[in-house]
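Chemist:
Chains as they are written, first to last, in this note's numbering: chain A, 1 to 282; chain B, 1001 to 1071.
#1: Once the 5 residues before and after residue 27 of chain A are set aside, which same chain residues still bring their CB inside 7 Å of it?
#2: Assess, as a yes-or-no matter, whether the stretch 108 to 125 of chain A is touched by the stretch 10 to 18 of chain A under the definition of 3 or more beta carbon pairs within less than 8 Å.
#3: Does the beta carbon of residue 243 of chain A come closer than 8 Å to any beta carbon on chain B?
#4: Would DSSP call residue 1033 of chain B helix, strand or coil?
#5: Looking at chain A, which residues of the stretch 1009 to 1033 of chain B have a Cβ within less than 8 Å of any of its Cβ atoms?
#6: Assuming residue 107 of chain A contacts residue 150 of chain A (C-beta within less than 8 Å), just tell me the rounded distance between them.
#7: For a contact meaning CB atoms closer than 8 Å, what does residue 40 of chain A contact in chain B?
#8: Would you kindly work out how many angstroms separate the C-alpha atoms of residue 32 of chain A and residue 142 of chain A, rounded to a whole number?
#9: Could you tell me the boundaries of the alpha helix (DSSP H) in which residue 1005 of chain B lies?
#10: For chain B, check one thing: does any of its Cβ atoms lie closer than 8 Å to the Cβ of residue 19 of chain A?
#11: Using a Cβ-Cβ cut-off of 8 Å (strictly less than) and excluding sequence neighbours within five positions of residue 11 of chain A, which residues of its own chain qualify?
#12: Please report the distance separating the alpha-carbon of residue 1033 of chain B from that of residue 1026 of chain B.
#13: Leaving aside the five residues before and after residue 156 of chain A along the sequence, list all residues of the same chain whose C-beta is less than 8 Å from its C-beta, in chain order.
#14: Measuring alpha carbon to alpha carbon, tell me which residue in A:21, A:153 and A:158 is nearest residue 178 of chain A.
#15: Looking at the C-beta of residue 187 of chain A, does it have a partner C-beta in chain B at a distance below 8 Å?
#16: Between the stretch 1038 to 1046 of chain B and the stretch 1016 to 1024 of chain B, can you find at least three pairs of beta-carbon atoms closer than 8 Å?
#17: What residue from B:1062, B:1035, B:1050 and B:1017 has the CA that sits closest to residue 1003 of chain B's CA?
In structure tokens form, the structure reads like this:
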């Protein structure tokens, strides 16, 4: 059966989100925060993530638009756009882009754009509160929403893993996870409604994260590019992978499972269930 | 161009005018240059605040504007 699904095009455009980021950088923080709160920015993120999950993404890797973003700190040395430009594949993509006048956007590029807006909001307001990125009032909402956003974001990253061929993209993607965990924590911490949070809402993302983590490991094992990297010294073969490979996502993983606060209760639940046992087996 | 014309154009909700196509105009207002590099002089005090409100509101309200996906 065919199901028709109407999708907001601008919402799923990385260009619009990077425009929003530029705009927020130029706007007075307090005014912008008030405005975002008024219009329910967190619901917007949730909505976008939900639609992103439904969309059938092109397999393109080039996601930058023509306009240069001045003073953009996101551009790392390993970033994909510049490197792809010299490869034949990148040329083809660029030609496609100029012909149709539209950017070929990859799911990871889009997720990175959304996450960078969230990240900016967390960074720009965290100094005042002193709680890190977790206690930004713009990004606070019902715990269910926070759990949903983190879960769907991870699921989206999970879907886009095949596209992650460059280290720069991987860094972008995993850094986005931290921002989303910040949202989730902000929604869960100090929430009076915490009793209402069901098992599914709060543990759900953790389970997805475990799934994601396993998939990431498989991905790295398969990938020739990374097999030469420092992550896989041959003498450590046989040692549980969780001890010899401390990647960004593992740090995030452990930070999520062993963070203080309400998650401690869940951590004990997890210990009983033994969520890491399947990791040790390898 | 007059500021009122600009805001009216950005606020328009015609079915033919998608939100994504309005982005070019919004970028012109924000950066003060058009796509081919011409300088656009618009007197628009507090344009950033206005644009943030516009962007978030329209992003949230946007309902597909004809973009249909098969799932």
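C-beta: ideal position from N, C-alpha, C; glycine also.
Modeler: This is what the structure holds:
#1: none
#2: yes
#3: Model confidence at residue 243 of chain A stands at a pLDDT of 41, short of 50, so the residue's coordinates are unreliable and nothing is read from them.
#4: DSSP places residue 1033 of chain B in strand when its eight states are reduced to three.
#5: Per Cβ criterion, the list reads 1018, 1019, 1020, 1023, 1026, 1027 and 1030.
#6: Contact flag wrong, Cβ pair sits at about 17 Å.
#7: 1060
#8: Roughly 21 Å between the two C-alpha positions.
#9: 1003 to 1011
#10: Output row for residue 19 of chain A: interface = yes.
#11: The beta carbon of residue 11 of chain A lies closer than 8 Å to those of 44, 47, 48 and 51 in the same chain, with the five residues before and after it left out.
#12: 11 Å
#13: 49, 52, 53, 107 and 111.
#14: A:153
#15: no
#16: Contact between the stretch 1016 to 1024 of chain B and the stretch 1038 to 1046 of chain B is absent: fewer than three C-beta pairs spanning the two stretches fall below 8 Å.
#17: B:1050
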